[in-house]
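Scroll down for the structure; my scribbles are underneath it.
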Amino acid sequence: MAPSETMAIQKTQQKPHPTVHIDAFLYDEEAVDSLCEEGKMSRNYCLNCGSHRTALLEFISHSFSIPELHFLFHNVLPDLTGKLVVDVGSRLGAVLFGGYLYSAASQLVGVEISSEFVKLQTMAVEKYGFSDRIQVIHADIRSQAALVQNADVLIMNNVFEYFMEPSEQMQAWLFISQNFRKKGALLVTVPSIQETLALLQDTVFLETLALGQWIEEVPLDYSVYLKKDTDPDSLKQIHLYRVL
Ligand SMILES: C[S@@+](CC[C@H](N)C(=O)[O-])C[C@H]1O[C@@H](n2cnc3c(N)ncnc32)[C@H](O)[C@@H]1O
Numbered sequence: 001m002a003p004s005e006t007m008a009i010q011k012t013q014q015k016p017h018p019t020v021h022i023d024a025f026l027y028d029e030e031a032v033d034s035l036c037e038e039g040k041m042s043r044n045y046c047l048n049c050g051s052h053r054t055a056l057l058e059f060i061s062h063s064f065s066i067p068e069l070h071f072l073f074h075n076v077l078p079d080l081t082g083k084l085v086v087d088v089g090s091r092l093g094a095v096l097f098g099g100y101l102y103s104a105a106s107q108l109v110g111v112e113i114s115s116e117f118v119k120l121q122t123m124a125v126e127k128y129g130f131s132d133r134i135q136v137i138h139a140d141i142r143s144q145a146a147l148v149q150n151a152d153v154l155i156m157n158n159v160f161e162y163f164m165e166p167s168e169q170m171q172a173w174l175f176i177s178q179n180f181r182k183k184g185a186l187l188v189t190v191p192s193i194q195e196t197l198a199l200l201q202d203t204v205f206l207e208t209l210a211l212g213q214w215i216e217e218v219p220l221d222y223s224v225y226l227k228k229d230t231d232p233d234s235l236k237q238i239h240l241y242r243v244l
């Protein structure tokens, strides 16, 4: 986490169960196991100080893991030749790098509000020579109407939940629904859009958004991705929608 991400840090600390943030793009299951074996971290927390009772810590990641990126570009999305993919809140660039290596998308654009993460992505894009197809924009997605209107695929992995207040999240979703209108364009969300919006608990907002007139869900076959060590529950959080 960047030191400036005070809201996300606070929201993680306020979760009902003790939760640690482990970025799944940077640390795969094997790396976490090794760190646990070396005693550098633990998957457990003490329920009752002084006793030996322990429970599993909850892990969250603010990036897609590499198996999730494989699943996304090989099994969820169709052939992306000639398509513009926009990752809303691109953070470390995991989706952009996954899209570069695992798809034929002609342009992959990341929009990230945090300057620290824009710097990291820009360094990686230059270092690995990805700039022919990847572009990173430092901005709030709400200022990028033309880009969202032109996108063929929009990726939204837990973008706003940890980083914006509910009123701002509603504004951002309204902005997306008003601008992402290209018929047949694809929207990927984690978790499902219904789950995300339900957390905002605002029926007037839900009626204004009119999901059913904007998008339809495309069913996914989660059983096609049977790579060992992949958590099936994390794949089931990935949902695909088509713009009507
Ligand atoms: C959970 S991360 C997703 C990372 C990446 N898309 C992935 O799947 O690996 C969400 C990111 O969205 C960024 N973000 C939040 N609100 C935003 C906004 N309004 N505009 C642009 N980026 C935003 C946050 O700074 C954070 O880095």
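UniProt numbering puts the first residue of the sequence shown at 1, with every later residue one more than the last.
For every residue, glycine included, the Cβ atom is placed at its ideal position computed from N, Cα and C.
As the structure is a computational prediction, the values presented were derived from the model and not from experiment.
Range of the contiguous beta strand (DSSP E) that encloses residue i
i      : result
PHE25  : It is not in any beta strand (DSSP E) - PHE25 carries neither H nor E in the DSSP assignment.
GLY110 : 107 to 112
Distance, residue j Cα to residue i Cα
i      : j      : result
ALA2   : ASP221 : 35 Å
LEU187 : LEU154 : 5 Å
LYS83  : ASN150 : 10 Å
SER114 : HIS138 : 7 Å
ASP23  : GLU29  : 11 Å
TYR128 : PHE64  : 19 Å
TYR102 : LYS15  : 34 Å
TYR100 : ILE134 : 7 Å
LEU72  : SER131 : 22 Å
PRO166 : ALA8   : 13 Å
Among the options, nearest to residue i - alpha-carbon criterion
i           : options                           : result
LEU174      : TRP214, LEU57, GLN107 and LEU244  : TRP214
VAL111      : CYS36, LEU80, LEU69 and ALA145    : ALA145
ALA198      : GLN169, GLU217, ASP233 and VAL118 : GLN169
residue 247 : LYS40, PHE59 and LEU47            : Any answer about residue 247 is impossible in this case: the structure gives the chain only from 1 up to 244.
Bounding residues of the alpha helix (DSSP H) (the contiguous stretch that carries residue i)
i      : result
ASP231 : Here ASP231 belongs to no alpha helix (DSSP H), and DSSP marks it neither H nor E.
HIS70  : 66 to 71
ILE9   : 6 to 13
8 Å contact criterion, which residue i and residue j should meet: CB distance rounded
i      : j      : result
VAL243 : LYS182 : 6 Å
LEU240 : VAL76  : 6 Å
is_contact[residue i, chain D] using C-beta, thresh 8 Å
i     : result
PRO67 : This model lacks chain D altogether; it includes just one protein chain.
Report task. Scan the UniProt domain "Methyltransferase type 11" (93 to 171) and note each continuous beta strand (DSSP E) run of 3 residues or more that stays entirely inside, going in chain order. Result -> 107 to 112, 134 to 138 and 153 to 157
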